[in-house]
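Input: a single structure, listed below in structure tokens.
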Amino acid sequence: MVTTGDGKPLPVFPLDFGALVPLWFLGARWLRPPAVVVVAPSRALPRRQLVACGEAVVEAAVRSGRRVAIVCSADLGHGHRADGPYGYSPASATHDRAFCRAIRENALHRLLHWREDWIERAMPDGFWSTLVLHGALRASPLQPELVSYEAPTYFGMACAEFVPAQ
């Protein structure tokens, strides 16, 4: 059972592919798997609160004195194909291009100014977790590399890494 600090029970949800896939590559088959905290940011929270969450994660990581990896995992626009479950939306392609450009240019702050109606039409899952990542990156000097972007089906996927500046 998962509880709050005062012992009240919290609902527990099964892990989805957004958590399971990265966890597999982060040590699921190691003899001693790493400790993991999974955060699923609420879409209802204001954008600046999500950024503050990322800043708090880095602050806690620094205080712990441990090596920490932060993984932001979620799909991008879900309207790339008319035969997909959400239908076609041209906003998915424009969103994904802007998202990839923000990563390449180390400019995730741009997401704070994107129009809500455009985000809704693009149908991404990764927008909110990327705001948490933005907060974490504000507190640590890392440089981005967009490793890949694909939209092989109705949703887009980007893979990026952020490594210490050289």
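With our numbering applied, the sequence shown corresponds to residues 9 to 174, in that order. Positions of the beta carbon are idealized from the N, C-alpha and C atoms, including for glycine. Note that the coordinates shown come from a computational prediction; the quantities given were computed from them, not determined experimentally.
Span separating the alpha-carbon of residue i from that of residue j
{"i": "E33", "j": "R40", "result": "Just to set this straight, residue 33 is Phe in the shown sequence, not Glu. The straight-line gap from Cα to Cα measures roughly 14 Å."}
{"i": "L7", "j": "A173", "result": "Only positions 9 to 174 of the chain appear in the structure, and residue 7 is not among them; the question remains open."}
{"i": "L84", "j": "S148", "result": "24 Å"}
{"i": "T102", "j": "A130", "result": "8 Å"}
{"i": "E153", "j": "H142", "result": "14 Å"}
{"i": "A259", "j": "G35", "result": "With the chain covering only 9 through 174, there is no way to say anything about residue 259."}
Residue i - DSSP class collapsed to helix/strand/coil
{"i": "P98", "result": "helix"}
{"i": "S50", "result": "coil"}
{"i": "A159", "result": "coil"}
Neighbour-count burial assignment, residue i, 16 or more Cβ in a 10 Å radius
{"i": "G73", "result": "exposed"}
{"i": "V171", "result": "exposed"}
{"i": "M9", "result": "For M9, the predicted model reports a pLDDT of 46, less than 50, meaning its position is unreliable; a value from the coordinates is still stated below. The residue is exposed, with fewer than 16 neighbouring Cβ atoms inside 10 Å."}
{"i": "P93", "result": "exposed"}
C-beta atoms of residue i and residue j nearer than 9 Å
{"i": "P132", "j": "S100", "result": "yes"}
{"i": "L119", "j": "L145", "result": "no"}
{"i": "I111", "j": "A166", "result": "yes"}
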